[in-house]
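**Q** Shown below is the structure under consideration.
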Amino acid sequence: MFSEDETPASALLRVANGVKFGTILADPPWQFQNRTGKVAPEHKRLMRYGTMALDEICELPVEEISAEPAHLYMWVPNALLPDGLKVMEAWGFRYVSNIIWHKIRKDGGSDGRGVGFYFRNVTEILLFGVRGKNARTLPPGRSQVNMIQSRKREHSRKPDEQYQLIEECSWGPRLEMFSRGVRDGWTVWGNQADESYAPTWSTYSFNSMAVAAE
C-alpha cells in the first residue's frame, strides 16, 4: 500500500528495502490514447483503478532494485506493445521472448468477450526480458511452452497459472509490481497489495485455474 506522502518511486524503494530482485513480475496500469493523442476514456464499466502515464511507468526505479542477472515478466495490452518494449528498456532489461495468454471458454474455444478496435482480442502478452550475464531460464524453462490457456476472471486480473510458471523458470527473490493481494514467497507492491484485497465489482464465478473442458 502507498501512504499519502509517498510517490510511487519512493514507495517502491521502501517496499524493496534494499533487496535486489532476481525476478520481477509487473502488470502496469497502462493508459490508452485515442487517435487524437488524448487519453482515451475507459468505458464506464471499466473505470475501476487509476492509470499511469507512460513516462511515469518508465521512471519507476526498477533498475535500482534489480539483481544481475534478473528476469522481468511484464504484461502489456496488444495495442500498447511498443510502449511495453519502451518500459522494459527504461527499466534496464532486454526483451528476448514472450508468453501469450489465450483466454478460453469452458469448452476450450476462444473467449470472444474481449475488446478491440480492429480485432476481437482473445489474447494478452506477457513480455519476457533479461538483464546481466548468464540470464538463461532455470532448467524447467527449457521445456516450458510460451502459452497459457485458461479462463479469465474479473477485469484485468491475470491468470493464476503465471505464478507456477514463473517460480519454476526464474529464481528469487521475487517481486510482483501492481499486485492484487499477497502471495507466499513474493514481495508485493501496489495500492492493492495487501491481505484484505478483494474485487469491488462483479466477477466471474469460476477460477482461471479451471480446465478447458469439464
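Read left to right, the sequence shown gives residues 399 to 612 (our numbering).
All residues carry an ideal CB built from backbone N, CA and C; glycine is no exception.
1. I need the DSSP call for residue 408, collapsed to helix, strand or coil.
2. Are the beta-carbon atoms of residue 548 and residue 566 separated by less than 9 angstroms?
3. Does the beta-carbon of residue 472 have 16 or more other beta-carbons within 10 angstroms, so that it is buried, or is it exposed?
4. Any heavy atom of the ligand NAD closer than 8 angstroms to the CB of residue 496?
5. Using the beta-carbon count (16 or more within 10 Å), is residue 611 buried or exposed?
6. Just how far apart, CA to CA, sit residue 464 and residue 543?
7. Taking residue 563 as the reference, which of 536, 582 and 468 has the closest Cα?
8. For residue 382 and residue 423, I'd like the C-alpha separation in whole angstroms.
9. Please state the DSSP three-state secondary structure of residue 467.
10. Within 8 angstroms, do at least three Cβ pairs link the segment 478 to 494 to the segment 506 to 522?
11. For residue 560, list the residues DSSP reports as bridge partners.
12. Taking the continuous beta strand (DSSP E) assigned at residue 424, which residues delimit it?
13. Going along the chain, which residues of its own chain have a beta-carbon closer than 7 angstroms to the beta-carbon of residue 427, five neighbours each way excluded?
14. Using a threshold of 9 angstroms, state whether the C-beta atoms of residue 458 and residue 414 are closer than that.
15. By the three-class DSSP mapping on this structure, what secondary structure does residue 566 have?
16. Just to confirm before moving on: does the CB-CB distance between residue 482 and residue 546 stay below 9 angstroms?
17. Using the Cα positions of residue 589 and residue 527, report the straight-line distance between them to the nearest angstrom.
18. Strictly by DSSP, which residues pair up with residue 489?
19. Tell me where the alpha helix (DSSP H) around residue 452 begins and ends.
**A** Taking the coordinates as given:
1. On the sequence shown, position 10 is the one that residue 408 refers to. It is helical.
2. In the sequence shown, the residue the question calls residue 548 occupies position 150. In the sequence shown, the residue the question calls residue 566 occupies position 168. Not a contact, by the Cβ cut-off of 9 angstroms.
3. The residue you call residue 472 lines up with position 74 of the sequence shown. It counts as buried.
4. The ligand content of the structure shown is nil, which means the ligand NAD is not present either.
5. Position 213 of the sequence shown, counted from the first residue, corresponds to residue 611. Note that residue 611 scores 31 on pLDDT, short of 50, meaning its location in the model is unreliable; the coordinates nonetheless yield the value given after this. Flag for residue 611 reads exposed.
6. Walking along the sequence shown from the start, residue 464 turns up at place 66. Walking along the sequence shown from the start, residue 543 turns up at place 145. So the two alpha carbons sit approximately 25 angstroms from each other.
7. Sequence index remark: in the sequence shown, residue 563 carries index 165 (1-based). For the residues 536, 582 and 468, the minimum Cα distance to residue 563 belongs to 536.
8. Because the chain spans 399 through 612 in this model, residue 382 falls outside it and cannot be assessed.
9. In the sequence shown, the residue the question calls residue 467 occupies position 69. Here residue 467 sits in strand by DSSP.
10. no
11. Taking the sequence shown and counting its residues from 1, the one referred to as residue 560 is at position 162. Beta-bridge pairing links residue 560 to no other residue.
12. The sequence position of residue 424 within the sequence shown is 26, counting from 1. Segment 419 to 424, the beta strand (DSSP E) holding residue 424.
13. In the sequence shown, residue 427 corresponds to position 29, counting from 1. Excluding residues within five positions, the ones whose Cβ falls inside 7 angstroms are 447, 448, 449, 450 and 576.
14. Translated into positions along the sequence shown, residue 458 becomes position 60. Translated into positions along the sequence shown, residue 414 becomes position 16. Going by C-beta atoms, residue 458 is not nearer than 9 angstroms to residue 414.
15. Position 168 of the sequence shown, counted from the start, is the residue given in the question as residue 566. Note: residue 566 maps to helix in three-state DSSP.
16. Counted from its first residue, the sequence shown places residue 482 at position 84. Counted from its first residue, the sequence shown places residue 546 at position 148. In this structure, residue 546 does not lie closer than 9 angstroms to residue 482 by Cβ.
17. Stepping through the sequence shown from its first residue, residue 589 is reached at position 191. Stepping through the sequence shown from its first residue, residue 527 is reached at position 129. Straight-line Cα distance between these residues: approximately 25 angstroms.
18. Numbered from its first residue, the sequence shown carries residue 489 at position 91. Per DSSP, none; premise fails for residue 489.
19. Taking the first residue of the sequence shown as position 1, residue 452 is located at position 54. Here the alpha helix (DSSP H) through residue 452 covers 452 to 456.
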